[in-house]
Structure formats: structure tokens, C-alpha cells
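Numbering (the working numbering), first residue to last: 18 to 329. Here a beta-carbon is modelled for each residue, glycine too, at the ideal position from N, C-alpha and C. As the structure is a prediction and not an experimental result, all values here were calculated from the model. First up is the structure itself, then whatever we jot down about it.
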């Protein structure tokens, strides 16, 4: 099938190529993949208008997972009548986002509304929970959900067959992609970052025989197999760096500082453009990754200890 896919740059906080939404044309109307955060709805509306689409024309929107940069505007879009398709684990949090919002406010404090806007609820009858392998048919467009935990346990990629081969909207499951540099930003947030699950996810994506992927951060990647290999390497390298810093007996604050310097060196070596660094090499991502890996290591150690006790 031939179907046009439009990449929409949401220009998050004025930054280009940070967060994307994707509009798929079908013979029954446009389909949106990712809504972006609540504070980019004006940009989204303008971009849709340039494509001849109004928010009310979008009857179906899919989000790969429920983090604000991917799903923050679901409530706004639902007010236009859109049905929201989301991982079954994430569905309750779209109907009542209070826990998500409260948790984020503890992190962002007074900057919360500036960083992400205000996420609002989706009426329950407009939420469509999605399970692994579910086939979603919208006229001549068919999308299949692929379970892709690792970044978050409530994560799906969506595979679609086209005349040019299979493509997938990968959210954060394939990390980030910048066409002008080899640098890969790995979002490894607590409490759900899981290295083993993420490596298995990359194997699932490899098995999907994809000709192209559309990461939310940012844009089409025409060499998915090589990108999956690069993400695999970077996952091992980033986790190993943090483990080494832990072994040196550093405090968490010092680990964040040292890991941040290491990440800056990688960005310098890869010639990451300065304009892209506020999003892809931010202090927030550095701190988040350290916290995510430390929690992952603690939970893994706890499981190993519990397993040993059960054998004794």
C-alpha cells in the first residue's frame, strides 16, 4: 500500500528536531502517532493546518507510551473527538493522569508547566487499550503493536507495511536518532529502565525486518539494522560507565557529574551541533540516566538475593 507519512517538528521549547509527531494519510482520514507534550499544541495545530488537517479531523491517535513528550497532549486532542490508542498498562493513566502529573511535579517543581504544559484526562470511552500483537485497521492503513519494554514497560512500537517495505514508529524503543551525527541519546529513566528488557526489545525490532523507522526523537532513519546495533552498543557502554563510577565509591551526585562529563566528551567527539545539545545532552537526561541505572541495578540485586533465598 502507498501511504504518505508526514513528520511534524513540534519545536519543543523552540528547539528544532527534538520531538516529532507523525501524521499518516489513509483513505478514511488522517492518523496521528504521538501527540507530543501539552505545551506544543499550538505548533501541532499550525503544522496540521499546513497539511490541510484540523485537530477535529483526526479520529485516531496512537501513542507509543505515556511519557509527557509523547502523550502529554492526549486530553487536548480527545476534546476534539479523537480516540487515543495506548498500551494497556498506560491506559488508566490517560483516564486519570493525576499520578503522572504529581510525580513529575516532584521532579520539575515550579518549572513543570513550562517544561511540559498541563496534561489533562481522556474520557474513558475514548481510550483504546492496546496489547502486544493487536492489529489496528484504519481503512487502507494497518498498524501492528509490538511490545517494546526497556525504556518503559508500557511501551509499544507500531509496525506498518508500505510499498517500500515495513516501517515502524518506535517511540523511545530505538532510543534517539540524529541524521547529522552518530551520537545516540539513551533515555534510561527510573523506575522502569530495564537493560535486559531493552536488549530483548531490540531483538524484536530486528526480527520485524524493517526498512525504515520513525523514532520520536527524531525523524526517519533508513538504516534501522545498523541503528539497532548502535543502540545496543551504547546501552552496554552507558551502563558500564555508571557501574564503573559506582565501583569507585562515588556519591550519586558525583556519579552524575562524572557521567555527565563523559557524555559531554562523547557529544564533542561526535560533533553534536550546539543547537541540539540542550535537548539531547541535557543535565536532566544525565541525572535521569544515573537514577535509572542505579534503580535497575538495585532491583536486579534484590531479585537475585530473593532467588538465592528461595533455593536455600
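(request) Quick one: measure Cβ to Cβ for residue 192 and residue 223, integer angstroms, because I've assumed they're closer than 8 Å. (result) Reading the chain shown from its first residue, position 175 is the one you call residue 192. Reading the chain shown from its first residue, position 206 is the one you call residue 223. Wrong, their Cβ atoms sit about 14 Å apart, outside the cutoff.
(request) Helix, strand or coil for residue 159, going by three-state DSSP, please let me know. (result) Indexing the chain shown from 1 puts residue 159 at position 142. DSSP places residue 159 in strand when its eight states are reduced to three.
(message) Using the three-state DSSP reduction, which class does residue 221 fall into: helix, strand or coil?
(response) As a position in the chain shown, residue 221 is number 204, starting the count at 1. Residue 221: helix per DSSP, three-state reduction.
(message) List, from N- to C-terminal side, the beta strand (DSSP E) runs of 3 residues or more that fit wholly inside the stretch 104-178.
(response) 144-147, 152-155, 158-164
(message) Looking at the secondary structure, which residues open and close the beta strand (DSSP E) in which residue 55 lies?
(response) Stepping through the chain shown from its first residue, residue 55 is reached at position 38. Per DSSP, residue 55 belongs to no beta strand (DSSP E) and is neither H nor E.
(message) For residue 305 and residue 23, I'd like the C-alpha separation in whole angstroms.
(response) The count along the chain shown starts at 1 and reaches residue 305 at position 288. The count along the chain shown starts at 1 and reaches residue 23 at position 6. Rounded to the nearest angstrom, the two C-alpha atoms are 31 Å apart.
(message) Using a Cβ-Cβ cutoff of less than 8 Å, which residues in the same chain neighbour residue 21 once the five nearest sequence positions on both sides are dropped?
(response) Residue mapping note: residue 21 aligns to position 4 of the chain shown, counting from 1. Answer for residue 21: 41, 42, listed in chain order.
(request) Specify, as a first and last residue, the run of the beta strand (DSSP E) that residue 290 falls within. (result) Against the chain shown, residue 290 aligns to sequence position 273. No beta strand (DSSP E) holds residue 290; DSSP gives it neither H nor E.
(request) Out of 92, 98, 172, 56, state which residue places its alpha-carbon closest to the alpha-carbon of residue 114. (result) Looking up residue 114 in the chain shown gives position 97. Nearest of 92, 98, 172, 56 to residue 114, Cα basis: 92.
(request) Taking residue 276 as the reference, give the member of 291, 259, 264 with the closest Cα. (result) Position 259 of the chain shown, counting from 1, holds the residue named residue 276. Considering only alpha carbons, the answer is 259.
(message) Suppose you measure from the CA of residue 253 to the CA of residue 97; what does that come to, to the nearest Å?
(response) Taking the chain shown and counting its residues from 1, one reaches residue 253 at position 236. Taking the chain shown and counting its residues from 1, one reaches residue 97 at position 80. Going by the C-alpha atoms only, they are around 43 Å apart.
(message) Helix, strand or coil, according to DSSP, for residue 283 in the structure here?
(response) Here residue 283 refers to the residue found at position 266 of the chain shown. In this structure, residue 283 counts as helix in the three-state DSSP scheme.
(request) For my contact list, residue 194 and residue 244 are in at a C-beta cut-off of 8 Å; report their separation, rounded to the angstrom. (result) Position 177 of the chain shown, counted from the start, is the residue given in the question as residue 194. Position 227 of the chain shown, counted from the start, is the residue given in the question as residue 244. With 8 Å as the limit, residue 194 and residue 244 qualify as a contact, their Cβ atoms being about 6 Å apart.
(message) Among 184, 232, 197, whose alpha-carbon lies nearest the alpha-carbon of residue 203?
(response) Here the question's residue 203 lines up with position 186 in the chain shown. Among 184, 232, 197, the Cα nearest to that of residue 203 is on 232.
(request) Might you give, ordered along the chain, the residues of its own chain that have their beta carbon closer than 6 Å to the beta carbon of residue 210, omitting 5 neighbours on each side? (result) For the purposes of this step, residue 210 is taken as residue 193 along the chain shown, with counting starting at 1. Once the five neighbours on either side are set aside, the close Cβ partners of residue 210 are 309, 313.
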